[in-house]
Every structure is written in structure tokens, then in C-alpha cells.
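**Student:** Have a look at the structure that comes next, please.
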Amino acid sequence: MATSMGMVSRVGATALTALKPITRHCSRQRIRVFIRCSHGARSSLYDHSVKGYSDLPELDMTEVCEQTEKVIANVENRKGELRGEDVRKIVCVWQELQAVRTEISGLEQQKVQIGESVKALVAKSDKKSLSNLPEFNQALQKGKEARKRLNQLYPKETELGQEHYGRALRLPNSSHPDV
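The sequence shown maps to residues 551 to 729 in my numbering.
Laid out in C-alpha cells, this is it:
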């Protein structure tokens with residue numbers, strides 16, 4: 551320890567200038583962590599499930615979608631950071647997420663059907679004559695299009711899911727009318 555302190559005192563200002571980039575880097579990280587923690591749309595439950603410690607919670611959005619005005623009134627009567635426009639945004643994101651999930655499941659089913667038809671064509675025909683069959687080429691083209699669209703939709707589903715769960719998990723429970 552004494553040797554390292556003596557080394558720092560001998561080097562003097564050079565050691566301090568060498569440490570400046572490190573301190574700048576550390577201070578940036580602290581700012582990022584603070585911003586991340588202060589971000590209102592984060593949910594520790596969502597983060598916990600994304601890390602694999604638990605499953606995503608099942609959120610029953612039927613009441614929120616069907617009785618949006620009632621949920622907005624409940625949110626407005628509660629203390630907290632959510633407002634009526636936040637509830638409308640939650641419903642909008644939920645509906646968009648459901649549309650994306652429906653399209654993904656349809657494309658996955660289509661992909662399975664295309665795979666089965668290609669397998670049937672391969673079993674029925676010679677491998678040399680497959681490239682000349684128009685049905686085979688059409689099936690391959692449809693499969694590529696489905697895969698391409700799925701590759702566009704998967705990140706969108708993840709993004710919408712993160713946005714939805716980040717917001718929806720902040721919704722308060724509905725209170726009983728007698729309360």
C-alpha cells in the first residue's frame with residue numbers, strides 16, 4: 551500500500567489526469583442508472599419476469615377495454631401518477647399487441663401448412679425435378695414471405711409487450727363500490 555501511495559505521489563498530476571476518463575465513465579453510468587430507475591414506465595415485476603425468475607402475470611384486460619371510462623374514473627380517484635390518458639394509451643397498446651399476436655399466430659400456422667405441403671412434394675417427386683415444379687417454387691416463396699413478415703413482427707411484439715406490461719402493471723386494482 552505504501553509503495554502504491556508513493557508511486558501516486560511521485561507521478562502526481564499525471565495519475566490524476568489518467569484517472570479522469572475513468573471518473574467520467576463512472577459518472578455517466580450513474581446518470582444512466584438514475585434515469586432508468588426514475589423512468590415511470592418501468593415495472594419491477596415485469597423486469598423480474600423478463601430475467602426469467604417468474605412467468606409474466608396474466609392481466610385481465612377485458613374490464614379495462616370494455617369499461618374504460620369506469621377504469622379512468624377509478625384511476626383519477628386514486629393517488630398516483632396514472633391519469634385518464636394513460637389508461638387510453640394502455641388500451642390502445644393492448645389492442646395493437648393483440649392484433650400483432652393474431653397476425654403472428656396466423657403466419658405460424660401458414661408456415662406449418664407450407665412446410666407440410668413442401669414435405670409432401672418432396673416425398674412425391676424426385677429431388678432433381680423439384681426446382682422445375684411451380685407448386686414447389688410457389689410454396690418456397692410463400693414460406694420466405696411468411697418468415698420475413700414474422701421476423702418483422704417478433705421484435706414489434708416484444709416492444710409492444712414491454713410497453714404494455716410496463717404501463718398496465720401500474721394500473722390500480724378496481725375498488726369495491728362500497729368503499
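Backbone N, C-alpha and C define an ideal beta-carbon position, used for all residues, glycine too. These figures come from a predicted structure and were not determined experimentally.
Just to confirm the assignment, what range does the alpha helix (DSSP H) spanning Q712 have?
**Tutor:** Here residue 712 is taken as the residue at index 162 of the sequence shown, counted from 1. Taken as a continuous stretch (DSSP letters only), the alpha helix (DSSP H) holding Q712 covers 684–718.
**Student:** Spatial neighbours of G711 within its chain, please: CB distance less than 7 Å, with the 5 preceding and 5 following residues excluded, ordered by chain position.
**Tutor:** As a first step, residue 711 is located in the sequence shown; it is residue number 161 there, counting from the start. Excluding residues within five positions, the ones whose Cβ falls inside 7 Å are L647.
**Student:** S604 lies in the alpha helix (DSSP H); which residues open and close that run?
**Tutor:** Here residue 604 is taken as the residue at index 54 of the sequence shown, counted from 1. Neither: S604 is in no alpha helix (DSSP H) and is coded neither H nor E.
**Student:** I'd like to check one pair, E653 with L606: are the Cβ atoms closer than 8 Å?
**Tutor:** In the sequence shown, the residue the question calls residue 606 occupies position 56. In the sequence shown, the residue the question calls residue 653 occupies position 103. No. Outside cutoff.
**Student:** Whole angstroms is fine: what's the gap from S724's alpha carbon to I664's?
**Tutor:** Here residue 724 refers to the residue found at position 174 when the sequence shown is read from its first residue. Here residue 664 refers to the residue found at position 114 when the sequence shown is read from its first residue. Each residue's alpha carbon lies about 46 Å from the other.
**Student:** What whole-angstrom Cβ distance do A689 and V668 have, given they're in contact under 8 Å?
**Tutor:** Residue mapping note: residue 689 aligns to position 139 of the sequence shown, counting from 1. Residue mapping note: residue 668 aligns to position 118 of the sequence shown, counting from 1. That pair is a contact at about 5 Å.
**Student:** Would you check if the segment 715–722 and the segment 633–641 touch, i.e. whether three or more CB-CB distances between them fall below 8 Å?
**Tutor:** yes
**Student:** Are the CB atoms of V650 and E707 nearer to each other than 8 Å?
**Tutor:** Indexing the sequence shown from 1 puts residue 650 at position 100. Indexing the sequence shown from 1 puts residue 707 at position 157. Yes. Within cutoff.
**Student:** Thinking H598 and W644 are a contact (beta carbons under 8 Å), I'd like their distance in whole angstroms, please.
**Tutor:** Working through the sequence shown from its first residue, we reach residue 598 at position 48. Working through the sequence shown from its first residue, we reach residue 644 at position 94. With a Cβ gap of about 21 Å, H598 and W644 do not count as contacting.
**Student:** Is DSSP giving N723 helix, strand or coil here?
**Tutor:** Residue 723 sits at position 173 when you count from the first residue of the sequence shown. The answer is coil: DSSP assigns N723 none of H, G, I, E or B.
**Student:** Pick helix, strand or coil for R651, following the three-state DSSP scheme.
**Tutor:** Reading the sequence shown from its first residue, position 101 is the one you call residue 651. R651: helix per DSSP, three-state reduction.
**Student:** In the structure shown, what three-state DSSP assignment does S631 receive?
**Tutor:** The sequence position of residue 631 within the sequence shown is 81, counting from 1. In the sequence under discussion, the amino acid at residue 631 is Glu, which differs from the Ser named in the question. If DSSP states are grouped into helix, strand and coil, E631 belongs with coil.
**Student:** Rounded to the nearest angstrom, what separates K601 and L609 at their Cα positions?
**Tutor:** If you number the sequence shown from 1, residue 601 lands on position 51. If you number the sequence shown from 1, residue 609 lands on position 59. Straight-line Cα distance between these residues: approximately 19 Å.
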